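Inspection log for the structure reproduced underneath, given as structure tokens.
Chains as they are written, first to last, in this note's numbering: chain A, 1 to 278; chain B, 1001 to 1255; chain C, 2001 to 2310.
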């Protein structure tokens, strides 16, 4: 790992609302190599806005600033719209929470994968079709031929999310940002989806940013975890060292979950210290 | 307290016919907390909705507090059993203050001393009187769910039907609500039916639970057995496994 | 120095209104209204629209004091007929030597009468039909919506003509005709909103408290539909004013000598080239009031129905 794939320094996302300015992300910095990085936080912690800001997908009243925001040496802040468009979906992909909303309902899954591929690679229709089928196979679809010609509403949530992953990975991106990719899915299905994601990421040597509210899940899936609170990273640690988390927020987050193993009653709750948000 | 026998719920007819619940039976004793666990489409929520009348009972018997329920439910039934919904952002009327939300059930049932009851209910769920005239948009998710619990408790029911009461909440808020539910049960001697997809939450709150899949009961087991890993059924095992978080296969870990 | 206590007082009032912990029902309600007003008043065009509507109401109420002349009895037909706007007659005089300004001022009463009557007839009918049909569903929905379709298929002006032909010309009959044809869109809106609300958890929650169906409809569903219907009614007002004026123009609405704006335009038709003000002045009045209602409606939509505005 010579040079980091993604460098983020002092990233800030502000929303100028009528009631005043809200800073959703307040100075987040991190580096990412070809590794699995988890970003964990509760709702409103700015974790999703961080992911969106990297891709330039911050919704309209939002305003993104950063001292440094570069992907593989390309400065994402000064890059032209054309460059950004090519990066987005080409070298950086994003998987969203609910496949129901991110797949186009009037196109078959196969067409969508082909379109995603041809938007970034010059390929004949036959080539793109082969690639799409191979990709559907790679996400462990039982019958790729059939799924290829199905519409999004005809598949289950787990299959939809796998199709989404297939579509996002068909261009062989270097970086995948997954924003709560499994929270809309059942536990057993989400494990399957994660397993596929894990294999693909390891095989292709991609960088992965996994954004989730689920500390347990993230720490079992990723190499490194950033814990966000009120728009800031309060702690960064190796996933395997999660038990040794120092920040009281991380500790609190870990303890407050009920577990099957031990029966703690009452559950420890989180006393939010206002100084965490400073 | 609650006796469900061979409950079947069927929606639609002909080609659209869906058997949401197939032959489910269980009983819950007074003061007990009983869990229904399963993934989406397992029919767990439908069982709950059938008990309180939001879903039809196609066949089978539902006996609550010694009386078989009638369709439509009587006012007495609603004083016996109340429900808490999953999403506190959807279950409170957006244009009603907390005060209005809490006084509505009292007005429907002609309860006197509404003033005192509302303040009492707010106190029970750990909110002060300063919350009384707020609108839902002035409350956080956890506070909203507390209001929803207060609304369910204000008629002093014996049975509380909890439909994924914490799954829309952050982990730390979930802990607070679970503790609150635990305390309330002990203080008020309530009987709970808890529906959740989260095995750990159900095991935490309930003494016994029923695992459901595709509308059918898979296995009934005490929570303690689950803790010590005694679940016999394969499906239950896979649920337990999944709830432990992601485990990397040895093959992919090597890659 | 003198200003500072007032400033702190108004700041205190604002803090009281915006308090996140209102102490009473009234404070909560006023705080909400204040927030609505704040976002409304940020839109200058909406405030202009509100100003026009308030002006209309004011003028109609105090017509007796404002109008310089009688709207019915004209001056000397030999010397004061069809005079151009001047210092004595600000907007000129018409063919009966009557002051046009006074007639417009009195005419505002008729316009207001039409608006108020149509809105108090059409809005409740539309709301009731829409919420009932949306909430109850089934055959009630089918029957009510087919009736709505039938009324929707009537061309407004033609029905008004038929009504007036049957009952005799007059502003009341015109109003009834307009009201009957204007409720169906409100019913449709209310029904669409109700269908969304009907399956929400908070309705299920009141159901589980044992609330009766009328209680749910009137206490929980109607208030949520009300805002979008009000917005629609306000936006429709311009059309209603124009229809009323159109009927007046055709001689089927208010009858002479009553100073109805549409009828005034109709009289001015004969003098359009040489005495343009006779038709133009009431025309401008119609235009301004219609515009006012449209602007007000747009502003209200931004406040009451933020979804539709985006």
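Heads up, the beta-carbon is just placed ideally off N, CA and C, and yes, glycines get one too. Since we're looking at a predicted model, the values are computed, not measured.
Partners in chain A for residue i, counting only beta-carbon separations shorter than 9 Å
i: residue 1190 of chain B; result: The contacting residues do not exist; residue 1190 of chain B stays about 16 Å from chain A at best.
i: residue 1204 of chain B; result: 258, 259, 260, 263, 264, 265, 267
Residue-level contact to chain C via CB, residue i, 8 Å cutoff
i: residue 1123 of chain B; result: no
i: residue 1090 of chain B; result: yes
i: residue 1138 of chain B; result: yes
i: residue 1151 of chain B; result: yes
i: residue 1104 of chain B; result: yes
Nearest candidate by alpha-carbon position, reference residue i, set the options
i: residue 163 of chain A; options: A:107, A:278, A:136, A:186; result: A:136
i: residue 2225 of chain C; options: C:2304, C:2289, C:2070; result: C:2304
i: residue 2247 of chain C; options: C:2096, C:2282, C:2170, C:2095; result: C:2170
i: residue 278 of chain A; options: A:44, A:56, A:229, A:176; result: A:229
i: residue 2287 of chain C; options: C:2239, C:2298, C:2259; result: C:2239
i: residue 1022 of chain B; options: B:1167, B:1217, B:1131; result: B:1217
i: residue 1178 of chain B; options: B:1112, B:1202, B:1187, B:1071; result: B:1202
i: residue 2263 of chain C; options: C:2242, C:2014, C:2177, C:2026; result: C:2242
i: residue 49 of chain A; options: A:216, A:11, A:98, A:82; result: A:11
i: residue 1083 of chain B; options: B:1051, B:1106, B:1180; result: B:1051
i: residue 2183 of chain C; options: C:2166, C:2154, C:2210, C:2209; result: C:2154
i: residue 2115 of chain C; options: C:2280, C:2179, C:2041, C:2250; result: C:2179
i: residue 261 of chain A; options: B:1105, B:1229, B:1172, B:1222; result: B:1229
i: residue 2157 of chain C; options: C:2023, C:2027, C:2245; result: C:2245
i: residue 1169 of chain B; options: A:142, A:32, A:256, A:265; result: A:256
Listed by chain order, chain A residues near residue i by CB distance under 7 Å
i: residue 1201 of chain B; result: 258
Residue burial classification, residue i (beta-carbon count within 10 angstroms, cutoff 16)
i: residue 16 of chain A; result: exposed
i: residue 2052 of chain C; result: buried
i: residue 1015 of chain B; result: exposed
i: residue 106 of chain A; result: exposed
i: residue 2212 of chain C; result: exposed
i: residue 1017 of chain B; result: exposed
i: residue 2143 of chain C; result: exposed
i: residue 2196 of chain C; result: exposed
i: residue 1123 of chain B; result: exposed
Beta-carbon neighbours of residue i, restricted to chain C and to distances below 9 Å
i: residue 1083 of chain B; result: 2204, 2205, 2208
i: residue 1109 of chain B; result: 2209, 2210
Residue-level contact to chain B via CB, residue i, 8 Å cutoff
i: residue 267 of chain A; result: yes
i: residue 2301 of chain C; result: no
i: residue 2023 of chain C; result: yes
i: residue 1 of chain A; result: Because the pLDDT at residue 1 of chain A is just 48, under 50, the model does not fix this residue reliably, and the point stays unresolved.
i: residue 2004 of chain C; result: Note that residue 2004 of chain C has pLDDT 45, beneath the 50 cutoff, so the model's placement of it is unreliable and no number is given.
i: residue 191 of chain A; result: yes
i: residue 2309 of chain C; result: In this predicted model, residue 2309 of chain C has a pLDDT of only 43, less than 50, meaning its place in the structure is not dependable; the value taken from the coordinates is given anyway. It does not: the Cβ of residue 2309 of chain C has no partner Cβ on chain B nearer than 8 Å.
i: residue 2200 of chain C; result: yes
i: residue 188 of chain A; result: yes
i: residue 2001 of chain C; result: The pLDDT assigned to residue 2001 of chain C is 40, lower than 50, so where the model puts this residue is not dependable; a value taken from the coordinates is nonetheless given after this. Cβ-Cβ to chain B under 8 Å: no for residue 2001 of chain C.
i: residue 2098 of chain C; result: no
Short CB-CB distance (under 8 Å) between residue i and chain A
i: residue 1245 of chain B; result: yes
i: residue 1065 of chain B; result: no
i: residue 1002 of chain B; result: no
i: residue 1170 of chain B; result: yes
i: residue 1039 of chain B; result: yes
i: residue 1242 of chain B; result: yes
i: residue 1197 of chain B; result: yes
Where residue i meets chain C, residues with beta-carbon distance less than 8 Å
i: residue 1052 of chain B; result: 2208
Where residue i meets chain C, residues with beta-carbon distance less than 7 Å
i: residue 1130 of chain B; result: 2021
i: residue 1099 of chain B; result: 2025
i: residue 1075 of chain B; result: 2210
Under 8 Å from the C-beta of residue i: neighbouring residues of chain B
i: residue 210 of chain A; result: What residue 210 of chain A touches in chain B: nothing, since even the nearest Cβ is about 10 Å away.
Proximal chain B residues relative to residue i, where beta-carbon distance stays under 9 Å
i: residue 2127 of chain C; result: Under the 9 Å cutoff, chain B gives no residues; its nearest Cβ is about 15 Å from residue 2127 of chain C.
is_contact[residue i, chain D] using C-beta, thresh 8 Å
i: residue 1224 of chain B; result: Going by chain labels, chain D is absent from the structure shown, which instead holds the protein chains A, B and C.
Within chain B, partners of residue i - CB distance below 7 Å
i: residue 2224 of chain C; result: 1095
heavy atom of the ligand COA below 7 Å from residue i C-beta
i: residue 124 of chain A; result: This structure does not include the ligand COA; it has no bound ligands of any sort.
Q: Could you tell me whether the region 228-237 of chain A touches the region 193-206 of chain A, using the rule of 3 or more Cβ pairs below 8 Å?
A: They do not touch, by the three-pair rule.
Q | Three-pair Cβ contact test at 8 Å for the region 1185-1197 of chain B versus the region 50-64 of chain A | A | Contact fails: fewer than three Cβ-Cβ distances are below 8 Å.
(Q) Could you check whether the region 2061-2074 of chain C touches the region 2214-2222 of chain C, counting it as contact only if at least three pairs of C-beta atoms, one from each stretch, sit closer than 8 Å? (A) The region 2061-2074 of chain C vs the region 2214-2222 of chain C: no contact.
Q. Does the region 71-81 of chain A come close enough to the region 144-164 of chain A to have 3 or more Cβ pairs within less than 8 Å?
A. The answer is no - the region 144-164 of chain A does not touch the region 71-81 of chain A, with fewer than three Cβ pairs under 8 Å.
(Q) Does the structure place the region 214-228 of chain A close enough to the region 34-49 of chain A that three or more beta carbon pairs sit under 8 Å? (A) By the Cβ test, the region 34-49 of chain A is in contact with the region 214-228 of chain A, since at least three Cβ pairs between them sit closer than 8 Å.
(Q) For the region 146-153 of chain A against the region 119-138 of chain A, do three or more pairs of beta-carbon atoms, one drawn from each stretch, fall closer than 8 Å, so that the two count as touching? (A) Yes, the region 146-153 of chain A is in contact with the region 119-138 of chain A.
Q.
Does the structure place the region 2082-2095 of chain C close enough to the region 2114-2132 of chain C that three or more beta carbon pairs sit under 8 Å?
A. Taking 8 Å as the limit for Cβ pairs, the verdict is that the region 2082-2095 of chain C does not touch the region 2114-2132 of chain C.
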